[in-house]
Amino acid sequence: MKFFPVLLSALFASALPALAQPEEKPINGLPYPVIAPEEAARLIALKTIKLHFRDVTVKEALDEVMNQTGQTIDTQFGGDAILAKKLSLDIETQSFREATNAIFEEAGVDGYLQKFGQNNRWLVSQGKNPDQNLDAPLSGQAPFQLRLLGLNSTLSKSVRLGKTVSRSQDTTLNTNLKIEADPQIPLVGAPRIEITRAEDDKGRSLLDRGMMPFFDGDPNFQPPLVLRGPATDTRVLSHLEGKVTYILATKQEKWEVPDVLQANGVSHNFQIGNNQVNIAVKNAQKTLDSVQLEITATAATPIGARFGRTQHPLMQFNQLSSSIVLLDANGKVLGGGGYNGSGGGNQLTLQLRYFLPRTVVTPGAGGAIIPAPAALAEPLKLVINAPSDIVQTQVPFSFSDVPLP
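Structure, rendered in structure tokens:
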């Protein structure tokens, strides 16, 4: 069986929240009410991370961040030298990245957290953080902001053969916009960026070739936004404006299976708005180095809304896999190794793999280094969190006097 790594952490699908006032005709072809950014920020209620430490290790500090945020920071595959460093720290912030970056900085080590796998899982990596772009322009409305990392142009040349050979060349302008969504924000799929105004310093529009992105189930997916190439007599993009649509899960329904290895055949109905989706454990087994699950999702009612390339987000492979967490008897989250998916329409089958904990490293055949599985604390608990309420919010952005390449 082949498993593919998943670099996402999104969720399921939708009902109208009691506190939000929906539009009569929801936008974007999605059946979620549209609310103001201020109301969206209030509903998601980001936690304030409070870190007040004296002479603790990086590992102890990261463990406290996990306890306060519910994020999973996996340390079993490396980073031992970094994790043993000592630090003292006083910080209170709603930003997961700011809190964790401060830990590495105060410890005096080059380290950072890298997103990996499913369920808000992070790995400790050594080196300079490649995702530091704090000098790039920022726009939007906290906590829904984005950065303009830069612009680059692409020159394409073509030739048409025939009795008369004709040649042409064309230039396009690519925008590099990056969503600054904190990992604590409960995103459903990727935010949708739309550029509504792009003008050079002479007022000429570059929107002729604006590419309209679609909603995608992968929260890390960022489609390119392409503009018409600028004229040769300009060097500045005077106006770059638009809006970002965020889809957010404001409430969740939780289903727990206390001993999943003994629970083949159990199922649960998630009632989400007018849609009922049955989640069933078809098979669960432990191998020498992993735990493997087979999960099915079946929609009981027709699903009409389009979401990216498939139907409702609850019926997407990556959304379903990202909602599933497997815990050992001590409450430790097992790391996910990927998934295989099959089916479509109103039924999906998902096969997931979770790694057993590793403790020691022993020489393998041919001198290879093989992590040895540790004892697994059973029983294993399966937890599935499905959003019961989903909303949309739209946040405008604006940049001015951007240098052109």
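Sequential numbering from 2 applies to the sequence shown in the working numbering. C-beta atoms are modelled at their ideal positions from N, C-alpha and C, and glycine is treated no differently. Every value quoted in this text rests on a predicted model; they were computed, and no experiment measured them.
Asked, Found
"Rounded to the nearest angstrom, how far is the Cβ of Ala330 from that of Glu379, given a contact under 8 Å?", "6 Å"
"From what residue to what residue does the beta strand (DSSP E) around Val258 run?", "Val237 to Val258"
"So if DSSP puts Pro404 in a beta bridge, which residue, or which two residues, is it bridged to?", "Val237"
"I'd like to know whether the C-beta atoms of Val258 and Val267 end up nearer to each other than 8 Å.", "yes"
"Any idea what DSSP makes of Thr165, helix, strand or coil?", "coil"
"Can you tell which of Val403, Phe54 and Leu381 has the C-alpha that lies nearest to the C-alpha of Asp260?", "Leu381"
"Based on Cα-Cα distance, which residue from Pro231, Leu156, Leu289 and His269 lies nearest to Asp202?", "Pro231"
"If Leu88 and Glu107 are in contact, beta carbons under 8 Å, what's the gap, nearest whole angstrom?", "4 Å"
"Classify Ser324 as helix, strand or coil using the three-state DSSP reduction.", "coil"
"Can you tell me where the beta strand (DSSP E) holding Glu93 begins and where it ends?", "Lys87 to Thr94"
"Can you tell me which of Glu40, Glu65 and Gln72 puts its alpha carbon nearest to the alpha carbon of Ile92?", "Glu65"
"To the nearest angstrom, report how far apart Gln69 and Lys179 are at their CA atoms.", "26 Å"
"Tell me Asp171's beta-bridge partners as DSSP assigns them.", "Ser157"
"Are Pro34 and Lys244 close, meaning C-beta to C-beta below 8 Å?", "no"
"Assuming Arg229 and Leu149 make a contact with CB atoms under 8 Å, what is their CB distance in whole Å?", "Actually they do not touch by this definition, with Cβ atoms about 18 Å apart."
"Compute the distance between the beta-carbons of Leu135 and Ala100, then report whether it is under 8 Å.", "no"
"Which partner residues does Phe97 have in the DSSP bridge list?", "Phe97 pairs with nothing; no bridge assigned."
"Rounded to whole angstroms, what's the CA-CA distance from Ser15 to Ile385? Just pull it up for me.", "The predicted position of Ser15 is uncertain, since its pLDDT is 36 and thus under 50; a value taken from the coordinates is nonetheless stated next. One C-alpha to the other measures close to 15 Å."
"Just the Cα atoms here: how many angstroms apart are Leu405 and Ile36?", "35 Å"
"In terms of residue numbering, what span does the alpha helix (DSSP H) encompassing Leu44 cover?", "Pro38 to Ile45"
"Buried or exposed: where does Asp111 fall if 16 or more other Cβ atoms within 10 Å of its Cβ makes it buried?", "exposed"
"So, helix, strand or coil for Ala387, using DSSP?", "strand"
"If Val392 sits next to Ala41, beta carbons under 8 Å apart, how far is it from one beta carbon to the other, in whole angstroms?", "6 Å"
"Could you give the residue range of the beta strand (DSSP E) that holds Leu262?", "Looking at the DSSP string, Leu262 is not in any beta strand (DSSP E), and its letter there is neither H nor E."
"According to DSSP, is Val292 helix, strand or coil?", "strand"
"Just how far apart, CA to CA, sit Gln185 and Gln72?", "8 Å"
"Of all the options Ala376, Trp123 and Leu351, which has the alpha carbon lying nearest to the alpha carbon of Ala285?", "Leu351"
"From this set, Pro138, Ala298, Glu254 and Gly337, which residue's C-alpha is nearest Glu181's C-alpha?", "Pro138"
"Where Leu114 and Leu47 are concerned, what is the direct C-alpha to C-alpha distance, given to the nearest angstrom?", "20 Å"
"Between the C-alpha atoms of Met67 and Ile74, what's the straight-line distance to the nearest angstrom?", "7 Å"
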